[in-house]
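**Student:** The structure follows.
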Amino acid sequence: MNVEKELQKRFGFPAFRPGQREVIEDVLSGRDVFAMLPTGSGKSICYLLSGYLLGGLVVIVTPLISLMQDQVQRLRMNGEKGAAALNSFLTEEERERVIRGLGSFRFLYLSPEMLRSSRLQTALKNIGVSLFVVDEAHCISQWGYEFRPEYLKLAEARRNIGQPPCLALTATADDQVRKDIITHLELTDCRLHLYSVDRPNIALCVEHWLEPKEKERRLIELVKQLEGPGIVYFSSRKMTEQMAERLKLDGILQVGFYHGDMSTEDRMLIQNQFLGDQLDVVCATNAFGMGIDKPNIRFVIHYHYPTHINAYMQEIGRAGRDGEPSLAICLVGAGDDRIAQTLIDRELPDESVVKAVISRLAGGNDPYDIQKLAMDNGASETSAQFLCEKLSGMDNQSDAATLFERVMQDVHARRSVKTAELAKVRQWLATNRCRRKTVLQFYGQQPVDRNGPCCDRCGFQLKAYYKKIGDTRRLNQGIEPWQSRLERLLPRR
Ligand SMILES: [Zn+2]
4 MNVEKELQKR
14 FGFPAFRPGQ
24 REVIEDVLSG
34 RDVFAMLPTG
44 SGKSICYLLS
54 GYLLGGLVVI
64 VTPLISLMQD
74 QVQRLRMNGE
84 KGAAALNSFL
94 TEEERERVIR
104 GLGSFRFLYL
114 SPEMLRSSRL
124 QTALKNIGVS
134 LFVVDEAHCI
144 SQWGYEFRPE
154 YLKLAEARRN
164 IGQPPCLALT
174 ATADDQVRKD
184 IITHLELTDC
194 RLHLYSVDRP
204 NIALCVEHWL
214 EPKEKERRLI
224 ELVKQLEGPG
234 IVYFSSRKMT
244 EQMAERLKLD
254 GILQVGFYHG
264 DMSTEDRMLI
274 QNQFLGDQLD
284 VVCATNAFGM
294 GIDKPNIRFV
304 IHYHYPTHIN
314 AYMQEIGRAG
324 RDGEPSLAIC
334 LVGAGDDRIA
344 QTLIDRELPD
354 ESVVKAVISR
364 LAGGNDPYDI
374 QKLAMDNGAS
384 ETSAQFLCEK
394 LSGMDNQSDA
404 ATLFERVMQD
414 VHARRSVKTA
424 ELAKVRQWLA
434 TNRCRRKTVL
444 QFYGQQPVDR
454 NGPCCDRCGF
464 QLKAYYKKIG
474 DTRRLNQGIE
484 PWQSRLERLL
494 PRR
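Residues in the sequence shown are numbered consecutively from 4, following the numbering used here.
Okay, structure coming up:
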């Protein structure tokens, strides 16, 4: 079988990008495969082409609804009519239609939550799935424990649909995340394909600011000076709105904000405006960015640092997909350590909540809504979900004291994992050594060869990322003035 010919025929590409062929060959041999391929390396080709060559139905588990719609759309534009998505956006009737017509599909995208349906599992088992793909597989580790417990049940779902071979794909998974994925997907004898997570065209920079006011001023200054478009990440939803307002007051007009509390329509609007170059800057929480395939993002600024190094790499990896020089700046302020710690604490229930919930459970026969009970006792939504998941997985015959002890054991275990992850981020922020080398060590990797600027520890010029003089593209609605066009075509030495 000539895989290259198939690549050309199906997608019009003359050759594979690094990694693709190796991954596809292992998938075709029927092995489970874990592949870490850098952003922009064409991860989807790995399962699409495998799907064509294997025949049958390929199931792709993917985290975001907007992502799967987009992927289905793209496949249809590529002439593939046998692609469908199953998600909560569909009406009952539409979902039913997809399930009834499963046999006519080649690629089925769905969320882990959808895959919990036993009716769907049975239907998939009857039809026979040729390949089980988990895209953005780091979500298992990043979200599975607290936010989306279904991610930890993918192995079970896979068994229920007849244990098809599995392909786990991600752009970033440090050693710990990789172990997590492999354990939870039960990939006991899988082939590993690990390519560098290094993005040589993204320069890394950290700035420490003692006074909150100074940090805020610095952000405004950077957003004004830096070549856009860019994303600024905050850990608080309220701050995305406040800072967007603040930036507007300062004359930066094409700015929007984005967070999980907004309506789907509002979020879609901001996302589309950003994709369409109508916005220069989006102030966002980490809800923004995954699956946004925008090639020309020039900077990613973290106003608050994430609590996990893998999340940091994911977020800055949204810059510079076109391969052009781009910048990742992390602004660290005096109170940020406390903010990061609070984020972790809020994701797990504290003792008093666990105690209160368990005592109510033990006291009555009514099936309580554990999550609601926890939230009524002051737990955050995430920590309530964690508690609900733990308790519903335990045998209810145990007495309250035993239950409490077991839940708290899990809470402590998760807390220490999270604290260790946070310590890595802090170690990276404080390092005197090359930031690229330091971060790649968490992945057991070395920097790839480079000739461009590296990081603030290796000496680089922030000015190189400032807006080019004479760049008035935005004012001219896409008509580039002759001066800048000339400058672009004949760059000054
Ligand atoms: Zn460096």
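Glycine is no exception: its CB is placed at the ideal position from the N, C-alpha and C atoms.
Values in this document were obtained by computation on a predicted structure and should not be read as measured data.
Less than 8 Å between the CB of residue 169 and some heavy atom of ligand 1, yes or no?
**Tutor:** no
**Student:** DSSP three-state label for residue 460, please.
**Tutor:** coil
**Student:** Excluding the 5 residues flanking residue 411 on each side, which residues of the same chain have their C-beta closer than 7 Å to its C-beta?
**Tutor:** 354, 357
**Student:** Tell me the rounded alpha-carbon separation between residue 221 and residue 26.
**Tutor:** Each residue's CA atom was taken as its position, placing residue 221 and residue 26 some 44 Å apart.
**Student:** Are at least three pairs of beta-carbons, each pair with one atom in the region 149 to 161 and one in the region 89 to 101, less than 8 Å apart?
**Tutor:** no
**Student:** Tell me whether the region 212 to 231 and the region 249 to 257 touch, counting them as touching only if at least three CB pairs, one residue from each stretch, are closer than 8 Å.
**Tutor:** yes
**Student:** At which residues does the alpha helix (DSSP H) containing residue 193 begin and terminate?
**Tutor:** Per DSSP, residue 193 belongs to no alpha helix (DSSP H) and is neither H nor E.
**Student:** Give the secondary structure of residue 397 by DSSP, where H, G and I count as helix, E and B as strand, and everything else as coil.
**Tutor:** Assignment of residue 397 by DSSP, reduced to helix, strand and coil, places it in the coil class.
**Student:** Name the one or two DSSP bridge partners that residue 378 has.
**Tutor:** None, per the DSSP bridge assignment.
**Student:** Pull the bridge partners of residue 206 from the DSSP assignment, please.
**Tutor:** Bridge partners of residue 206: 330.
**Student:** Do residue 389 and residue 352 have their beta-carbon atoms positioned less than 9 Å apart in this structure?
**Tutor:** yes
**Student:** Using C-beta distances below 8 Å, list every residue in its chain close to residue 107, excluding the 5 sequence neighbours before and after it, in chain order.
**Tutor:** The residues are 85.
**Student:** If you draw a straight line from the C-alpha of residue 112 to the C-alpha of residue 466, how long is it?
**Tutor:** 44 Å
**Student:** Does the Cβ of residue 24 lie closer than 8 Å to at least one heavy atom of ligand 1?
**Tutor:** no
**Student:** When we look at the beta-carbon of residue 394 and count the other beta-carbons within 10 Å, is it buried (16 or more) or exposed?
**Tutor:** Around the CB of residue 394, 16 or more other CB atoms lie within 10 Å, so the residue is classed as buried.
**Student:** Suppose the cutoff is 8 Å on Cβ atoms and the five residues either side in sequence are ignored; what does the same chain contact list for residue 349 look like?
**Tutor:** 383, 385, 386
**Student:** Between the Cα of residue 124 and the Cα atoms of 138, 103, 142, 140, which residue gives the shortest distance?
**Tutor:** 103
**Student:** Between which residues of its own chain and residue 186 is the CB-CB distance below 7 Å, once the five residues before and five after are set aside?
**Tutor:** none
**Student:** Assuming residue 438 and residue 207 form a contact by the criterion Cβ under 8 Å, report the distance between their Cβ atoms to the nearest whole angstrom.
**Tutor:** 4 Å
**Student:** If you measure from each CB to the nearest heavy atom of ligand 1 and keep those under 5 Å, what residues do you get, in chain order?
**Tutor:** 437, 439, 457, 458, 461
**Student:** Provide the residue span of the beta strand (DSSP E) that contains residue 3, from first to last.
**Tutor:** Outside the displayed span of the chain (4 to 496) sits residue 3, for which this structure offers no information.
**Student:** Could you say if the region 225 to 237 and the region 336 to 346 meet the contact criterion of at least three C-beta pairs nearer than 8 Å?
**Tutor:** no
**Student:** With DSSP run on the structure shown, which of helix, strand or coil describes residue 126?
**Tutor:** helix
**Student:** Are at least three pairs of beta-carbons, each pair with one atom in the region 127 to 139 and one in the region 163 to 172, less than 8 Å apart?
**Tutor:** yes
**Student:** Suppose you measure from the CA of residue 42 to the CA of residue 122; what does that come to, to the nearest Å?
**Tutor:** 35 Å
**Student:** Taking the straight line between their C-alpha atoms, what separation do you get for residue 475 and residue 298?
**Tutor:** Annotation note: pLDDT 48 at residue 475 (below 50); position unreliable, coordinate value reported separately. Distance between the alpha carbons of residue 475 and residue 298 is about 20 Å.
**Student:** Tell me which residues share the same chain as residue 436 and place their Cβ nearer than 8 Å to its Cβ, disregarding the 5 neighbours each side in the sequence.
**Tutor:** Only 460 meet the Cβ criterion.
**Student:** Under 6 Å Cβ to Cβ from residue 127, same chain only, skipping five residues before and after it: list those, please.
**Tutor:** 164
**Student:** Would you mind giving the Cβ-Cβ distance between residue 300 and residue 177, rounded to the nearest angstrom? I have them listed as a contact below 8 Å.
**Tutor:** Actually they are not in contact, since the Cβ atoms of residue 300 and residue 177 sit about 23 Å apart, beyond 8 Å.
**Student:** The alpha helix (DSSP H) that contains residue 278, what's its start and end?
**Tutor:** 267 to 278
**Student:** If you scan the region 214 to 273 from start to end, which runs of the beta strand (DSSP E) of 3 or more residues do you find wholly inside it?
**Tutor:** 233 to 236, 258 to 261
**Student:** Using CA coordinates, which residue listed in 360, 347, 230, 47 is at the minimum distance from residue 282?
**Tutor:** Check the Cα spacing between residue 282 and each of 360, 347, 230, 47: the tightest is with 230.
**Student:** Expressed to the nearest angstrom, what Euclidean distance is found between the alpha-carbon atoms of residue 98 and residue 173?
**Tutor:** 28 Å
**Student:** Output the residue ranges of the beta strand (DSSP E) runs that lie fully inside the region 25 to 105 and measure 3 residues or longer, sorted by chain position.
**Tutor:** 36 to 39, 60 to 64, 86 to 89
**Student:** Where DSSP assigns a beta bridge to residue 212, which residues make up the other side?
**Tutor:** 336
**Student:** Between the region 314 to 322 and the region 273 to 282, do at least 3 Cβ pairs fall closer than 8 Å?
**Tutor:** no
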